[in-house]
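Protein chains: 8
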Amino acid sequence: MASVLEPVGSGGQHPAHRTGAECGIGQSRGPAAKTPEQIFALLAELRARDPEAPALATRCPADVLDGAATRFPGDAVHADHVAGTLAVGTLPPARGNVLVVTAGTTDLKVARECAATLAVLGVRADVLADVGVAGLGRLLSRLEDLRAAECVVVVAGMDGALPSVVAGLVSAPVVGVPTSVGYGVAAGGLAAAASMLASCSPGLVVVNIDNGFGAAAHAAKIIHAVHR
Amino acid sequence: MASVLEPVGSGGQHPAHRTGAECGIGQSRGPAAKTPEQIFALLAELRARDPEAPALATRCPADVLDGAATRFPGDAVHADHVAGTLAVGTLPPARGNVLVVTAGTTDLKVARECAATLAVLGVRADVLADVGVAGLGRLLSRLEDLRAAECVVVVAGMDGALPSVVAGLVSAPVVGVPTSVGYGVAAGGLAAAASMLASCSPGLVVVNIDNGFGAAAHAAKIIHAVHR
Amino acid sequence: MASVLEPVGSGGQHPAHRTGAECGIGQSRGPAAKTPEQIFALLAELRARDPEAPALATRCPADVLDGAATRFPGDAVHADHVAGTLAVGTLPPARGNVLVVTAGTTDLKVARECAATLAVLGVRADVLADVGVAGLGRLLSRLEDLRAAECVVVVAGMDGALPSVVAGLVSAPVVGVPTSVGYGVAAGGLAAAASMLASCSPGLVVVNIDNGFGAAAHAAKIIHAVHR
Amino acid sequence: MASVLEPVGSGGQHPAHRTGAECGIGQSRGPAAKTPEQIFALLAELRARDPEAPALATRCPADVLDGAATRFPGDAVHADHVAGTLAVGTLPPARGNVLVVTAGTTDLKVARECAATLAVLGVRADVLADVGVAGLGRLLSRLEDLRAAECVVVVAGMDGALPSVVAGLVSAPVVGVPTSVGYGVAAGGLAAAASMLASCSPGLVVVNIDNGFGAAAHAAKIIHAVHR
Amino acid sequence: MASVLEPVGSGGQHPAHRTGAECGIGQSRGPAAKTPEQIFALLAELRARDPEAPALATRCPADVLDGAATRFPGDAVHADHVAGTLAVGTLPPARGNVLVVTAGTTDLKVARECAATLAVLGVRADVLADVGVAGLGRLLSRLEDLRAAECVVVVAGMDGALPSVVAGLVSAPVVGVPTSVGYGVAAGGLAAAASMLASCSPGLVVVNIDNGFGAAAHAAKIIHAVHR
Amino acid sequence: MASVLEPVGSGGQHPAHRTGAECGIGQSRGPAAKTPEQIFALLAELRARDPEAPALATRCPADVLDGAATRFPGDAVHADHVAGTLAVGTLPPARGNVLVVTAGTTDLKVARECAATLAVLGVRADVLADVGVAGLGRLLSRLEDLRAAECVVVVAGMDGALPSVVAGLVSAPVVGVPTSVGYGVAAGGLAAAASMLASCSPGLVVVNIDNGFGAAAHAAKIIHAVHR
Amino acid sequence: MASVLEPVGSGGQHPAHRTGAECGIGQSRGPAAKTPEQIFALLAELRARDPEAPALATRCPADVLDGAATRFPGDAVHADHVAGTLAVGTLPPARGNVLVVTAGTTDLKVARECAATLAVLGVRADVLADVGVAGLGRLLSRLEDLRAAECVVVVAGMDGALPSVVAGLVSAPVVGVPTSVGYGVAAGGLAAAASMLASCSPGLVVVNIDNGFGAAAHAAKIIHAVHR
Amino acid sequence: MASVLEPVGSGGQHPAHRTGAECGIGQSRGPAAKTPEQIFALLAELRARDPEAPALATRCPADVLDGAATRFPGDAVHADHVAGTLAVGTLPPARGNVLVVTAGTTDLKVARECAATLAVLGVRADVLADVGVAGLGRLLSRLEDLRAAECVVVVAGMDGALPSVVAGLVSAPVVGVPTSVGYGVAAGGLAAAASMLASCSPGLVVVNIDNGFGAAAHAAKIIHAVHR
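Protein chains in written order, with this note's numbering: chain A, 101 to 328; chain B, 101 to 328; chain C, 101 to 328; chain D, 101 to 328; chain E, 101 to 328; chain F, 101 to 328; chain G, 101 to 328; chain H, 101 to 328.
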């Protein structure tokens with residue numbers, strides 16, 4: 101198992117492992133982004149604490165992703181430039197079946213962050229991209245795949261309508277991830293987040309905007325409970 | 101033609117004919133709601149100005165709806181208690197084909213206000229209720245009706261997702277009407293309005309929350325242009 | 101199984117079964133609340149459609165709760181005056197183990213709505229009330245119960261801090277339910293909702309404000325997947 | 101006809117054709133903007149799918165606009181540097197008569213995006229710039245042109261007052277496009293959007309901020325219905 | 101001169117003279133509204149402090165307006181039931197020329213509060229009602245009156261567009277008063293206030309929503325400066 | 101010492117003692133307000149847990165305040181109808197010197213809640229009312245009292261300017277309490293709260309809107325630290 | 101007299117003369133900022149239309165300010181690098197007496213924009229900087245200057261408290277200008293704007309954030325009315 | 101004692117000494133950031149006014165921090181590159197005991213600004229970093245340190261939950277400092293600020309987002325009162 105999500109009640113691990121949270125997008129918001137060396141140091145510390153488990157950093161800039169293989173020569177390194185994720189260490193065997201669905205192609209970055217996190221947590225994940233509600237035909241043609249999944253993560257910006265539609269089509273748990281894709285009233289993702297929270301489809305749950313990592317953490321808990 | 105929507109460039113008619121706008125819902129917001137007698141007087145004034153055309157009041161309280169037949173003994177009176185609309189005078193012959201669609205049953209009041217306004221403006225309108233995105237099957241089973249309409253008005257509260265879906269299914273112009281149905285982050289209809297404005301379906305246009313009257317005014321302009 | 105949450109892809113059931121959604125709190129927001137007779141009619145329709153399953157209405161006024169036994173003489177009637185829920189029909193056998201936790205006593209209404217919905221959906225649920233973060237001792241003294249649950253629903257208004265704390269203490273999936281309890285900047289529950297969505301505890305998911313029903317729907321999906 | 105707006109019910113086309121949506125303005129908001137090569141590839145794909153129809157990209161950076169002629173040597177290329185639009189392929193014959201009106205000169209970019217989209221969709225469009233409400237004389241001197249149009253698109257930032265005034269002057273359908281022009285309380289265009297949605301002129305409909313493309317899509321549907 | 105607006109630098113008078121501020125609309129917002137007896141006592145105190153000047157209370161409930169003549173038997177009493185204003189004492193001679201313009205009839209309450217306050221402050225004021233931008237003809241037909249005024253106060257809810265138009269038509273100072281008239285995105289008057297603040301007409305200034313009193317106070321200062 | 105504010109680390113007391121929090125103002129927001137009997141029961145429970153300490157309920161309706169003497173016959177009962185506070189039990193001796201300042205008379209309710217809470221916590225408090233910034237003279241005439249206080253609590257609605265001014269005049273710690281007094285953009289107290297948080301006077305701290313109780317809790321901690 | 105503020109009722113001048121509005125700060129908001137050459141062209145056009153009057157551009161970048169003397173060799177050029185204003189042409193004789201007051205030194209840019217605009221409009225203006233409410237002594241020591249002014253413009257960011265204080269100290273008309281100076285809840289100036297609009301000082305009027313130009317336009321109208 | 105916080109009632113010092121407020125974060129918001137030379141000049145002026153006291157600048161860019169030793173050769177210079185603070189002059193002896201706690205490592209910048217300010221004000225401060233609520237164990241293991249402090253400052257972004265938890269664990273005064281760390285709904289720190297203001301822990305007070313300086317100013321006043 102990965103370091104990332106162990107229970108923390110006894111003084112254990114804290115969210116600082118999301119070392120990338122202040123890279124990239126966070127960099128212009130918070131008072132301080134981490135340097136590449138700080139990210140590498142945090143990953144090394146996570147690796148040292150639990151050598152059996154891979155360590156994950158999200159929202160990494162390109163130089164972190166490119167320099168990781170050199171920095172961790174003895175380790176397996178999994179860098180996803182679309183997602184901005186970096187996993188160091190051997191990935192655990194994957195079980196379960198999570199489908200990560202996106203409304204548009206620009207939501208792919210968040211979907212891939214979700215999938216990369218699930219891989220680190222030992223969960224199998226497939227990505228089904230670009231099936232937004234403006235073209236229902238594409239979505240409905242994949243109904244079989246949607247209904248086969250044990251958990252569905254739906255990533256959508258702009259109107260945020262897709263998770264409500266998907267949650268009406270499947271009986272598995274559905275997690276909505278609003279994204280900051282959009283402009284005007286959609287800017288920042290609040291319109292999508294509000295639409296998902298106000299969904300008329302019962303049982304749809306929501307995480308923070310662009311938080312593919314958090315959706316993966318929740319989905320992994322479900323899969324681990326099912327495949328205990 | 102009705103008094104309601106004549107061009108106003110030459111000092112003509114102004115929106116005060118929407119006499120009901122401050123009744124009911126408006127009553128707790130604005131500094132002053134109209135009394136029943138004020139509404140009756142405004143309707144009589146509109147009737148006198150153009151005796152050929154019916155006059156319309158929206159958002160009327162029950163005592164206005166119930167008292168209208170007595171107040172206008174010689175006129176045809178069309179009172180819709182669900183919509184809160186009151187039309188006085190003979191309705192013009194209906195032409196065109198507008199479909200007013202609602203996501204839930206509680207959106208019906210706004211949809212009926214839209215349909216009643218269209219009737220006053222000489223446009224034929226049907227209402228298709230309760231086909232929200234949580235149950236796509238119901239919507240898809242009415243695809244033929246949707247595609248037959250010359251203009252579709254989609255009324256939805258909560259997530260506001262239905263107009264985006266409908267706009268992806270038909271080629272006619274689509275008008276979204278967000279409603280104040282909902283609670284929590286949906287309260288007041290802003291979440292639905294934002295979702296519609298941020299729609300990924302090109303060409304969806306939006307009116308104010310609960311504004312079935314305004315959607316009808318726009319739809320009627322389209323129908324009148326088509327059937328000139 | 102209950103009528104409430106069946107998959108809806110084939111034209112089936114829609115969210116109108118949440119017949120109570122416009123009672124009480126919704127009544128002052130939306131354009132139209134349902135009358136007691138409308139609620140009874142909807143419940144009867146749900147019962148007729150699937151006589152094996154109980155039917156549920158949430159956010160019912162007292163006269164609906166009090167009149168239900170008379171209206172459904174041959175049926176088991178489960179009315180919870182704190183929650184405002186009404187279930188008609190024999191409840192299915194309960195399985196699984198969901199713990200519904202509240203920060204304060206005034207959050208109890210929402211927690212009880214969640215528990216009543218879970219009962220209708222065939223899931224066992226216990227309520228642990230009044231363990232907010234201002235008195236961590238009470239929460240920590242129940243750590244064993246928290247960690248025994250297969251899914252934890254955490255109901256909190258005001259600061260919305262409790263779900264973040266609980267999600268750091270257990271490894272089961274955690275669902276946060278913000279409530280409208282509070283005043284000033286907390287009014288309406290947006291402060292609590294935002295705090296939960298922005299949680300530093302990975303994997304916490306969130307539903308709409310006061311939406312105990314929605315949290316139950318998600319938790320039931322998890323429990324049904326685990327106990328397939 | 102163009103690829104851009106075909107009905108999508110049978111699994112067809114989705115909004116990703118708005119390839120430029122993440123270029124420029126979108127670039128700082130969403131998690132990923134498209135590269136020039138991705139935009140060219142998308143356009144080529146649209147062209148290949150329907151060689152009879154021109155393909156359109158909006159919000160393109162200058163290098164895309166400048167490189168298009170080289171990239172599509174056999175095709176007609178229509179690049180508008182003010183609008184940031186790129187149309188590839190022979191434009192269809194134009195019919196109808198849409199007038200695109202702007203309040204200020206800085207709203208011109210959005211108006212030109214609207215006009216360029218209309219051209220791709222086979223609709224004739226003229227632009228009447230800089231007739232904002234601070235100088236009513238300029239607007240009133242063009243009353244004849246305003247009233248001759250079959251549909252009027254009104255583009256305005258800051259106070260967003262112009263569409264309400266225009267909608268009171270003409271009987272054709274009017275679409276308001278709020279823009280992000282302005283500063284202080286106007287920043288981002290929300291003040292203009294709210295003013296338009298709350299218009300006292302019945303029948304005014306609204307699209308997202310800076311969404312000249314969406315206004316064109318709606319206007320084109322109207323024109324196509326009228327000139328069927 | 102009235103008690104209401106004397107300079108306060110030397111420990112003088114404070115805004116509590118606006119005794120009605122918590123009656124009516126304010127009653128549901130603040131923690132405590134004043135009782136009729138408290139309002140009468142405050143007026144009496146103001147009268148005693150400066151017997152030469154009339155005292156003014158705004159936003160008074162009907163029982164205060166109706167009971168004033170009995171309560172102040174020796175004084176001239178000016179009660180305006182539309183405005184909710186109560187002035188006690190002989191009004192000073194009026195000078196200057198302020199025009200108070202309203203967009204709709206429901207804005208009249210605020211306009212009358214403004215006019216009543218001006219009367220107490222010794223300023224002549226006329227009200228020109230119901231000349232909103234949806235019917236420019238009515239407004240333009242009164243251009244002479246508009247341009248004759250030494251100061252124009254423009255009262256508008258909903259879109260808040262009228263002050264921008266008026267400020268473009270006259271050279272005298274213009275004060276915009278947003279009102280809470282409206283619904284949906286206009287509710288509460290914030291849309292109107294934002295549109296006025298973001299006006300493209302230079303020199304338009306704005307007061308709080310529904311604050312006819314404040315607009316009068318500013319207009320009176322201007323008139324007193326001009327007619328020194 | 102009172103029950104109200106004991107440290108809670110060992111499983112102790114939680115904020116439910118603020119039994120009145122859902123009475124009055126809270127009643128229309130949260131899902132459930134406490135009944136008089138529930139408030140009395142909570143007070144009795146607090147009394148039983150620590151018979152030496154008085155117990156406090158805030159935001160009590162009049163029937164609770166009036167019925168307390170009968171309900172707690174053997175106890176000292178301190179009911180403040182302006183503040184809505186009810187203290188049961190002998191008050192501890194008062195030490196220290198806190199000055200509670202208000203901008204307007206309608207802020208008095210919150211100021212009295214603060215003073216009543218301080219009395220229960222064993223702190224001496226005086227109230228200086230109606231010294232808002234519109235009349236600086238009144239404030240400056242009390243400079244000696246302001247500078248003599250060991251802690252100053254400043255209660256202000258509307259513009260929220262007074263705490264910034266006071267914090268510039270004294271060297272003791274200053275706590276700002278925004279109130280919901282006001283209308284228009286001030287409605288609910290957010291404008292006052294934002295102004296206080298953004299203060300240019302260093303060291304001003306802020307509590308929730310209308311939270312006189314919370315300001316008292318902080319002030320009491322300071323006084324107890326000083327007079328240890 | 102300057103070109104900038106002529107009445108516009110007869111089809112005349114529109115707000116585009118604020119040529120600098122999209123330079124600098126506006127550049128990152130709107131879809132298009134003006135180039136230096138566009139600004140020069142607009143100024144030349146204004147000069148040509150009325151050679152007697154100076155023309156003004158606000159929010160100019162440094163290269164515009166530096167290049168103006170070369171571009172307009174025969175004209176008097178008044179460039180203020182703090183304000184970012186550029187006036188071309190001989191300034192009219194100054195009359196009247198406006199005092200522009202700032203809370204902090206960083207508000208100076210806006211105050212200087214106001215003063216430069218007043219100079220172009222033929223009004224004498226002095227700037228009194230850095231007299232914010234955190235140090236009342238500095239403000240009170242200039243009471244004589246404050247009370248001598250015929251109109252006072254008060255520029256303040258952060259808490260926005262200074263205009264309320266000043267409006268309580270003088271009897272002349274006071275205009276508040278909120279600025280975007282600040283961080284956190286003050287960011288963008290909305291907190292300051294709201295505080296000013298909600299002021300407890302009667303008669304305070306407000307313009308848009310950072311809109312020194314608009315405040316000057318209003319103040320000039322007052323001065324011109326007084327000195328007719 | 102330092103120059104920074106002297107009482108200002110007699111015309112003294114104003115907040116402009118926070119010279120760094122417009123550096124860095126403020127630079128993109130306000131109309132004008134200070135240059136290094138302006139900062140040095142302000143510090144020199146503060147030094148000259150009171151040579152016994154150190155002078156402090158916050159939010160300084162690196163070139164200011166690096167150049168200070170050269171610019172003030174005879175003075176002790178304390179530059180903290182994490183905090184962005186620069187103190188010039190001999191620090192006063194430290195007394196008291198303030199604990200500055202942070203939820204995450206990225207909150208450290210604000211915590212260090214707080215600690216550096218306390219040092220300048222003669223107060224001893226320790227920083228306890230990275231004890232957020234997602235890992236309660238780390239926090240609870242430092243309970244002794246928490247309870248030993250005379251005042252606790254809690255710095256937290258994202259959910260802002262930590263101050264509520266800490267305020268429930270200690271009896272000393274607690275000051276919450278929301279930070280802009282986070283993304284999505286947390287962006288800018290408003291979610292954290294709202295959660296802290298709405299805290300269920302009585303007595304928690306709050307300062308502006310990222311305002312470590314302000315929290316230090318308040319804490320120092322408490323410590324100085326205790327150690328008089």
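All C-beta atoms, glycine included, are put in the ideal place defined by N, C-alpha and C. Here the structure is a predicted model, which means the values were calculated and not measured.
Reduced DSSP secondary structure (H/G/I, E/B, other) of residue i
i	result
A:Gln-127	Summary for A:Gln-127: the model assigns pLDDT 27, below 50, so the residue's position carries little reliability; its value from the coordinates is reported in the next sentence. Note: A:Gln-127 maps to helix in three-state DSSP.
H:Arg-147	helix
G:Ala-319	helix
H:His-178	strand
C:Leu-156	strand
E:Thr-190	coil
8 angstroms Cβ cutoff met for residue i and residue j
i	j	result
F:Gly-232	F:Gly-196	no
G:Gly-136	G:Gly-184	Residue identity differs from the one stated: residue 136 of chain G is Pro in this sequence, not Gly. No, these two residues do not count as a Cβ contact at 8 angstroms.
B:Asp-259	B:Gly-289	no
B:Leu-186	B:Leu-165	yes
H:Val-254	H:Val-201	yes
E:Val-223	E:Ala-319	yes
B:Ser-241	B:Gly-257	no
E:Pro-322	G:Ile-322	Here residue 322 of chain E turns out to be Ile, not Pro, going by the sequence shown. Against a cut-off of 8 angstroms, the Cβ pair of G:Ile-322 and E:Ile-322 comes out as a contact.
A:Val-266	A:Leu-246	yes
Residue of the options minimising C-alpha distance to residue i
i	options	result
G:Ser-301	E:Leu-297, E:Phe-313, E:Asp-259	E:Phe-313
H:Ala-315	H:Ala-291, H:Val-277, H:Leu-228, H:Pro-173	H:Val-277
C:Ser-299	H:Arg-238, H:Leu-143, H:Leu-262, H:Cys-251	H:Leu-262
What are the complete alpha helix (DSSP H) segments, minimum 4 residues, inside the segment 209-297 of chain E? List check, alpha helix (DSSP H) in window: 236-240, 243-248, 262-267, 290-297.
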